[in-house]
Amino acid sequence: MIFRLKRAIVLGILVCGLGTSLCAQSAWIPGRSNYSALYAGIKAKKSIKIMHIGDSHINRGYTSAPIREALLNRYGNNINFSFEGINGATYASWLQPQNIELIKNEAPDMLIISLGTNDSYTRNFSSEKLRASME
145 MIFRLKRAIV LGILVCGLGT SLCAQSAWIP GRSNYSALYA GIKAKKSIKI MHIGDSHINR
205 GYTSAPIREA LLNRYGNNIN FSFEGINGAT YASWLQPQNI ELIKNEAPDM LIISLGTNDS
265 YTRNFSSEKL RASME
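Under my numbering, the first residue of the sequence shown carries the number 145, and numbering increases by one thereafter.
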């Protein structure tokens, strides 16, 4: 995914640094130091926006609802958790301009990406092609 988010941490398969171009060079950019900054904001009771994107598992809240509930129980109402899932979504479908705009408009501090299942359900699946679509 090539676009910019201010102060975003991307979890899941992609982990990118705060203020950097999200995966412009590689889908495997370490961002461990950014967790400390995010956690410091949570401890200081600052409002934190978390967005979870993915396929049908996310669309109906099967995966997102328990995560949201656990975060709210632990950290309270300072966590603003949203999710957006698209039935049958692949990495390529999330790269469509309207989906990139959706993420940019949300401007999350943390982006959780849950994708890859539908990419692997093709007859001609190639891990190399999947990785290339993530970069």
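Backbone N, C-alpha and C define an ideal beta-carbon position, used for all residues, glycine too. Just so it is clear, the structure is predicted and the values come from calculations on it, not from any experiment.
Alpha-carbon to alpha-carbon, residue j and residue i
{"i": "L182", "j": "E213", "result": "19 Å"}
{"i": "N224", "j": "E272", "result": "35 Å"}
{"i": "Q240", "j": "A233", "result": "11 Å"}
{"i": "S258", "j": "N178", "result": "20 Å"}
{"i": "R275", "j": "L216", "result": "33 Å"}
{"i": "H201", "j": "S180", "result": "29 Å"}
{"i": "K238", "j": "G260", "result": "In the sequence under discussion, the amino acid at residue 238 is Trp, which differs from the Lys named in the question. The alpha-carbon atoms of W238 and G260 are separated by roughly 11 Å."}
{"i": "L255", "j": "R218", "result": "19 Å"}
Three-state class that DSSP yields for residue i in the structure shown
{"i": "I202", "result": "helix"}
{"i": "G229", "result": "strand"}
{"i": "K189", "result": "coil"}
{"i": "N224", "result": "strand"}
{"i": "L255", "result": "strand"}
Residue i versus the options, residue with shortest Cα-Cα distance
{"i": "S264", "options": "A188, A236, A184", "result": "A236"}
{"i": "K190", "options": "I257, R275, D253", "result": "D253"}
{"i": "E250", "options": "P210, F227, S270, L215", "result": "F227"}
{"i": "I247", "options": "R204, N262, I197", "result": "I197"}
{"i": "A188", "options": "D199, G205, Y206, G220", "result": "G220"}
{"i": "Y206", "options": "G229, L255, W238, T266", "result": "G229"}
Within 8 Å, strictly: CB atoms of residue i and residue j
{"i": "I186", "j": "I194", "result": "no"}
{"i": "N144", "j": "N231", "result": "A query on residue 144 cannot be resolved here, the shown segment of the chain reaching from 145 to 279 and no further."}
Contact belief for residue i with residue j at Cβ below 8 Å, rounded distance in angstroms
{"i": "D199", "j": "N262", "result": "6 Å"}
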